[in-house]
Amino acid sequence: MDNIVKKNFFLNKFNLLNFDRKKMNDFFSSINEKSFRVDQIMIWMYQKFCHDFDKMTNFSYKLRNKLKKISVIQIPKFVNEVISEDHTIKWIINSENGIFETVYIPEKKRGTLCLSSQIGCILNCQFCSTGMQGFHRNLLVSEIIGQILMAYKCINYKNQLMYHPITNIVMMGMGEPLLNFKNLICSLNIIFDKNGLNFSKKKVVVSTSGIVPALDKLSKIMDVKLAISLHASNDILRNKLMPVNYKYSIKSLLSSIKRFLKISKLNKNGITIEYVMLKNINDTLLHAKELSILLKNIPSKINLIPWNYFPNSNFSCSLFSQINDFFCFMVKKGFTVTIRKKRGHDIQAACGQLSTISIDSIQSV
Numbered sequence: 002m003d004n005i006v007k008k009n010f011f012l013n014k015f016n017l018l019n020f021d022r023k024k025m026n027d028f029f030s031s032i033n034e035k036s037f038r039v040d041q042i043m044i045w046m047y048q049k050f051c052h053d054f055d056k057m058t059n060f061s062y063k064l065r066n067k068l069k070k071i072s073v074i075q076i077p078k079f080v081n082e083v084i085s086e087d088h089t090i091k092w093i094i095n096s097e098n099g100i101f102e103t104v105y106i107p108e109k110k111r112g113t114l115c116l117s118s119q120i121g122c123i124l125n126c127q128f129c130s131t132g133m134q135g136f137h138r139n140l141l142v143s144e145i146i147g148q149i150l151m152a153y154k155c156i157n158y159k160n161q162l163m164y165h166p167i168t169n170i171v172m173m174g175m176g177e178p179l180l181n182f183k184n185l186i187c188s189l190n191i192i193f194d195k196n197g198l199n200f201s202k203k204k205v206v207v208s209t210s211g212i213v214p215a216l217d218k219l220s221k222i223m224d225v226k227l228a229i230s231l232h233a234s235n236d237i238l239r240n241k242l243m244p245v246n247y248k249y250s251i252k253s254l255l256s257s258i259k260r261f262l263k264i265s266k267l268n269k270n271g272i273t274i275e276y277v278m279l280k281n282i283n284d285t286l287l288h289a290k291e292l293s294i295l296l297k298n299i300p301s302k303i304n305l306i307p308w309n310y311f312p313n314s315n316f317s318c319s320l321f322s323q324i325n326d327f328f329c330f331m332v333k334k335g336f337t338v339t340i341r342k343k344r345g346h347d348i349q350a351a352c353g354q355l356s357t358i359s360i361d362s363i364q365s366v
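Under the numbering used here, read the sequence shown as residues 2 to 366, first letter to last.
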């Protein structure tokens, strides 16, 4: 950190939103400031939502000027906002060198923010619009955390009863979080920090398609609530739907999950298994039987996801009767099963629909 700061001291300004507590401490140390400044600036940034050094009154005039010369606190700005009939909001964010999306889902007793971790996705899952657009780059920590700060600002501005304050965060937007591992961990550190965004670990979920080495590494670094995008009941089918399965088979993924569960406290009631329902592809009772066998020794909660349409796709959503039969079979086998509600599908904000391709209904702000 010292070398990085010295090397770029007068060349670039550092966005302090890229620093968790440890990196922020290194930063202040490198400019010969005491460590207590870390708590002070994190409170300003994340508790008071103040990003103007001149308003940080417990900093001296000299320190404020020093910070202005070498650093900024800059959140990404959305260029478009789309509001669904069900009040779900999608923000399209034009960051440096790329566009990505964030979704806010309001409910009566909570507000869930769905964060992106990448622009596009390299995994090429066939049923997902993000995967079909390809991969552009990883998001910076400031872009991940910035989505939350931007959403706070927008929700507070609207100040309407239908928009509940943000209570839950899911890493289920564009991209595979575990393929942006370092920035994911740094972002989670800020999200959980008592002087950061101060979220309970019980209110944050990381969704992954199953990058086994990264999942094993995560288990040794941080306990988080996990959602696993499984979407198939056997390797042949999952290979076709999710090419990542060629590298990390269902068996290797489930073994990794078992290792994670052995040391996880947050997932003691079961890990979430996500399963998209694709008509005549993975939705028969035979598939349900195979899935029940796969998961019989893994504490899990199964979330059945009706597939959401996106342009130029050859898939169709399973009939409700088929989803219900699948649901009932798994319940009879003793599993906790839910069917995900469709939210924001009319603005292409639902699961699997996020893409940087604009839609006609977008209204500029």
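Note that CB positions come from ideal geometry on N, CA and C, so glycine has one too. Only a predicted model underlies this, so the values are computations on that prediction, with no experimental measurement involved.
For L141, the number of other beta carbons within 10 angstroms of its own is at least 16, and it is reported as buried. Rounded to whole angstroms, the separation of the alpha carbons of E144 and K204 is 20 angstroms.
Distances from the CA of I229 to each of Y276, N235 and N184 were compared; the closest alpha carbon is that of Y276. Rounded to whole angstroms, the gap between the alpha carbons of G353 and K259 is 26 angstroms.
At the C-beta level, G112 and I167 come within 7 angstroms of one another. DSSP places W45 within a helical segment (H, G or I) once states are collapsed to three.
By the neighbour-count definition (other C-beta atoms within 10 Å, threshold 16), Q119 is a buried residue. A Cβ-Cβ separation of about 27 angstroms leaves D40 out of contact with N181 under the 8 angstroms criterion.
Of the candidates D217, K343 and P107, the residue whose Cα lies closest to the Cα of A152 is P107. DSSP places E291 in the uninterrupted alpha helix (DSSP H) bounded by L286 to L295.
Taken through DSSP and simplified to helix, strand or coil, I258 comes out as helix. Here K91 is bridged, per DSSP, to V83 and V104.
Per DSSP, the continuous alpha helix (DSSP H) segment holding G132 begins and ends at S130 to Q134.
In the structure shown, R65 adopts helical secondary structure according to DSSP, grouped into three states. About 5 angstroms separates the beta carbon of V104 from that of A350, a gap short enough to meet the 8 angstroms contact definition.
Note on geometry: alpha-carbon atoms of I299 and G271 lie some 8 angstroms from one another. At least 7 angstroms separates the beta-carbon of M175 from that of F128. As computed with DSSP, V338 is found in a beta bridge with I303.
Residues of the same chain with a CB within less than 6 angstroms of the CB of V73, apart from the 5 flanking positions on each side, are K14 and N16 in chain order. Our two residues, K280 and D21, have alpha carbons roughly 44 angstroms apart in a direct line. L267 places its beta carbon less than 7 angstroms from that of K202. Taking a C-beta distance under 7 angstroms as the contact criterion, F54 and L68 qualify as a contact pair. With at least 16 other beta carbons inside 10 angstroms of its own, L124 counts as buried.
DSSP, read as helix, strand or coil, puts I120 in strand.
When beta bridges are read from the DSSP output, V171 appears opposite C115 and V206. For M278, no alpha helix (DSSP H) segment is defined; the enclosing uninterrupted segment is the beta strand (DSSP E) at I272 to M278. Between the C-alpha atoms of S250 and M173 there is a straight-line separation of about 21 angstroms. Around the beta carbon of P312, fewer than 16 other beta carbons sit within 10 angstroms, so the residue counts as exposed. The beta carbon of I264 is closer than 7 angstroms to those of S220 in its chain, skipping five residues each way along the sequence.
Boundaries of the alpha helix (DSSP H) harbouring I191: F182 to F193, taken from the DSSP string. As computed with DSSP, F15 is found in a beta bridge with S72.
Taking the CA atoms as reference points, P244 sits about 7 angstroms from C126.
Its chain contains N246 and Y247 as the residues whose beta carbon lies nearer than 7 angstroms to that of N240, once the 5 sequence neighbours on both sides are disregarded; these appear in chain order.
Assigned with DSSP and collapsed to three states, R138 falls in strand.
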